[in-house]
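Student: Structure provided below as structure tokens; questions to follow.
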Amino acid sequence: MQAVVLGGGGLTGRCAVRDLAAGGRFDSVVAADLDVGLAEAAARAAGPRASSRGLDVRDRSALVALLRGSSVVVNAVQYGFNLAVMEAALEARVPYLDFGGLFHMTRRQLALDGAFRAASLLAIPGLGQVPGVSNVLAMEASRDLDSVDSLVIRDGWRDLTRGGPEIAFTWSPSTFLDEMVMPALVFEEGEYREHPPMSGSEEYEFAEPVGRTRVYRTLHSEPATLPDSLRAKGLRHCEWKEGGPGIEVLRTMALLGLGSDQPLDVRGQSVVPKEFTLALLKREQLLGVPPGVDLTDWEVLDIEVRGSKGGDPVVRHALARFPPRPDWHLTATEYAVGVAGAIGAELIVSGEIRGSGVIPPERCVPAAPFRAALARRGIETAIVPPENPFPPAPRR
Numbered sequence: 105m106q107a108v109v110l111g112g113g114g115l116t117g118r119c120a121v122r123d124l125a126a127g128g129r130f131d132s133v134v135a136a137d138l139d140v141g142l143a144e145a146a147a148r149a150a151g152p153r154a155s156s157r158g159l160d161v162r163d164r165s166a167l168v169a170l171l172r173g174s175s176v177v178v179n180a181v182q183y184g185f186n187l188a189v190m191e192a193a194l195e196a197r198v199p200y201l202d203f204g205g206l207f208h209m210t211r212r213q214l215a216l217d218g219a220f221r222a223a224s225l226l227a228i229p230g231l232g233q234v235p236g237v238s239n240v241l242a243m244e245a246s247r248d249l250d251s252v253d254s255l256v257i258r259d260g261w262r263d264l265t266r267g268g269p270e271i272a273f274t275w276s277p278s279t280f281l282d283e284m285v286m287p288a289l290v291f292e293e294g295e296y297r298e299h300p301p302m303s304g305s306e307e308y309e310f311a312e313p314v315g316r317t318r319v320y321r322t323l324h325s326e327p328a329t330l331p332d333s334l335r336a337k338g339l340r341h342c343e344w345k346e347g348g349p350g351i352e353v354l355r356t357m358a359l360l361g362l363g364s365d366q367p368l369d370v371r372g373q374s375v376v377p378k379e380f381t382l383a384l385l386k387r388e389q390l391l392g393v394p395p396g397v398d399l400t401d402w403e404v405l406d407i408e409v410r411g412s413k414g415g416d417p418v419v420r421h422a423l424a425r426f427p428p429r430p431d432w433h434l435t436a437t438e439y440a441v442g443v444a445g446a447i448g449a450e451l452i453v454s455g456e457i458r459g460s461g462v463i464p465p466e467r468c469v470p471a472a473p474f475r476a477a478l479a480r481r482g483i484e485t486a487i488v489p490p491e492n493p494f495p496p497a498p499r500r
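Throughout, my numbering is defined as the position within the sequence shown, counted from one, plus 104.
Here it is, written out as structure tokens:
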């Protein structure tokens, strides 16, 4: 049984490779990446079950050839390639999952539902940390309610590292820069409305060790699927907010155009700002944990659910606390995204995730085994009315 991780040398892909290889469910785990050196490093760290492969996902024939005969593909490449990878998985007849499509790509991916149904094949868009864990917990917290009026999904992080860098990217900088400039889409009064990026700021008390953190509206994938998934319960409001050290720096970088795809002439040379930014970050060793640094960061997800049960109003919180994995040299985000995708892959091949078509995680991932697998990896989750098991209790 073989799993393929595309982008397997990247920040989150290498974690998925290592977790899948350690789990024992798969005989072979392939780390495929455009950067062969990164793929080789990921495979070495993962052990004898893992192997590396140089691959450009834009090469359709090579991609299909690699996927054919595999049991599942985990797509950890930049979200702009999600459709191309899905179509290759469909041609190769391999179940698919990815880590998110930043709302608009996710909506486009859902349009492939008919083709995947016709092939009796499953594709899950957004089965990582956020989206992913967030979707599953939001649905689980809503399951016993008669109605759900509102979901507000907040995510905060804090870096407790001593002597670490002032700034480091633990998630795709390209995606982060897009979030900083693209309008945030909020589901309000039963329809989507645009809000300025980084608007709606508020101070929020997350569970320790994150604590009080300023969060902002940004574009994200959860509101792309949860309103439809909870339509029968009358959901009228769904929004995403995030914040933590470095987010204002990201906003400044985005406003300066450092995430632009539009070429710029510099002394007769055509330079793409986003490509320059990525190259600079790699040179300065700001992608992931720098060598020699034991990074201690934490991330907390807090989903506020408002609805009713038996005629009475209900307010509850679905929570997750994400630790770093220093022995794997992984930050909280890298670890959470990678293992969530690996758990999803294992649940697909075990038959615990079933179905065909393009199905968001809240509709197909069984919460009990998913949360149990997260717990085995040190990721705590809880659904609490109203006490917070990760003190102090959240408050507005």
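Idealized CB from N, CA, C, for every residue including glycine.
Quick one: what's got a C-beta closer than 6 angstroms to Met243's C-beta in the same chain, skipping five residues either side?
Tutor: Glu466
Student: Expressed to the nearest angstrom, what Euclidean distance is found between the alpha-carbon atoms of Leu214 and Ser175?
Tutor: 22 angstroms
Student: So, at 6 angstroms on beta carbons, what are the nonlocal neighbours of Pro489 in its own chain, with the 5 sequence-adjacent residues on each side left out?
Tutor: Arg420
Student: Enumerate in chain order the residues of its own chain whose CB-to-CB distance from Ala449 is below 6 angstroms, with the five nearest sequence positions on each side excluded.
Tutor: Within the same chain, Cβ atoms closer than 6 angstroms to the Cβ of Ala449 are found at Ala107, Val176 and Val178, the five residues on either side in sequence being excluded.
Student: Where does Pro395 fall in DSSP's three states?
Tutor: coil
Student: Check this for me: beta carbons of Asp501 and Arg153, under 8 angstroms apart or not?
Tutor: Absent from the structure is residue 501, since the part of the chain shown begins at 105 and ends at 500.
Student: Considering Cα atoms alone, identify which of Leu451, Glu292, Asp401 and Val234 is closest to Pro313.
Tutor: Asp401
Student: Rounded to the nearest angstrom, what separates Gly411 and Ser278 at their Cα positions?
Tutor: Approximately 36 angstroms between the Cα atoms of the pair.
Student: At what residues does the alpha helix (DSSP H) containing Val285 begin and finish?
Tutor: Pro277 to Val285
Student: Any idea if Asp365 is buried or exposed, counting beta-carbon neighbours within 10 angstroms, 16 or more meaning buried?
Tutor: exposed
Student: Can you give me the C-alpha to C-alpha distance between Pro377 and Arg335, rounded to a whole angstrom?
Tutor: 41 angstroms
Student: If contacts are defined as beta-carbon pairs under 8 angstroms, then Phe203 and Leu391 qualify, I think. What distance do you get, rounded to the angstrom?
Tutor: So it is not a contact: roughly 16 angstroms between Cβ atoms.
Student: Taking all protein chains shown into account, do 16 or more other C-beta atoms lie within 10 angstroms of the C-beta of Ala497, making it buried, or fewer, making it exposed?
Tutor: In this predicted model, Ala497 has a pLDDT of only 36, less than 50, meaning its place in the structure is not dependable enough to derive any value.
Student: To the nearest angstrom, how far is the alpha carbon of Pro428 from that of Arg122?
Tutor: 15 angstroms
Student: Can you give me the C-alpha to C-alpha distance between Val290 and Ala180, rounded to a whole angstrom?
Tutor: 26 angstroms
Student: Report the rounded CA-to-CA distance for Phe310 versus Thr317, giving the unit in angstroms.
Tutor: 7 angstroms
Student: Please classify Val375: is it buried, with 16 or more other beta-carbons within 10 angstroms of its beta-carbon, or exposed?
Tutor: exposed
Student: When the distance is taken between beta carbons, is Met284 closer than 8 angstroms to Met302?
Tutor: yes
Student: Quick one: residues in its chain with C-beta nearer than 7 angstroms to the C-beta of Gly113, no 5 flanking neighbours on either side, listed in chain order?
Tutor: Ala135, Asp137, Asp139, Leu142, Ala143, Ala145 and Ala146
Student: Tell me which residues share the same chain as Glu293 and place their Cβ nearer than 7 angstroms to its Cβ, disregarding the 5 neighbours each side in the sequence.
Tutor: Arg340
Student: Could you spell out where the alpha helix (DSSP H) holding Leu382 opens and where it closes?
Tutor: Pro377 to Arg387
Student: Anyone know if the C-beta pair for Gly461 and Arg211 falls short of 8 angstroms?
Tutor: Cβ atoms of Gly461 and Arg211: not closer than 8 angstroms.
Student: By the DSSP assignment, the alpha helix (DSSP H) with Leu124 in it spans what residues?
Tutor: Gly117 to Gly127
Student: State the beta-bridge partners of Thr485 as determined by DSSP.
Tutor: Ala424
Student: Decide if Asp250 is buried, meaning its Cβ has at least 16 other Cβ atoms within 10 Å, or exposed.
Tutor: exposed
Student: Determine, using beta carbons only, whether Val240 and Val443 come nearer to each other than 8 angstroms.
Tutor: no
Student: In the DSSP assignment, find the unbroken beta strand (DSSP E) run with Ser156 in it and report its ends.
Tutor: Ala154 to Gly158
Student: To the nearest angstrom, report how far apart Leu255 and Leu187 are at their CA atoms.
Tutor: Approximately 28 angstroms between the Cα atoms of the pair.
Student: If I'm right that Glu326 touches Ile257 with Cβ under 8 angstroms, what's the distance once you round it to whole angstroms?
Tutor: 5 angstroms
Student: On a Cα-Cα basis, can you pick out the residue from Asp332, Thr437, Gly128 and Leu368 that is closest to Asp253?
Tutor: Ranking Asp332, Thr437, Gly128 and Leu368 by Cα distance to Asp253 puts Asp332 first.
Student: Helix, strand or coil for Val419, going by three-state DSSP, please let me know.
Tutor: In the three-state scheme derived from DSSP, where H, G and I count as helix and E and B as strand, Val419 is classed as strand.
Student: Taking just the CA atoms, how far does Glu408 sit from Arg500?
Tutor: Summary for Arg500: the model assigns pLDDT 32, below 50, so the residue's position carries little reliability, and this model does not support an answer.
Student: For Phe207, which of helix, strand or coil comes out of DSSP?
Tutor: coil
Student: So for Phe130, helix, strand or coil by DSSP?
Tutor: coil
Student: Check the C-beta distance from Leu159 over to Asp259 and give it rounded, since I have them as a contact under 8 angstroms.
Tutor: Rounded, the Cβ-Cβ distance is 31 angstroms, inconsistent with contact.
Student: Whole angstroms are fine: how far does the CA of Leu323 sit from the CA of Gly372?
Tutor: 35 angstroms
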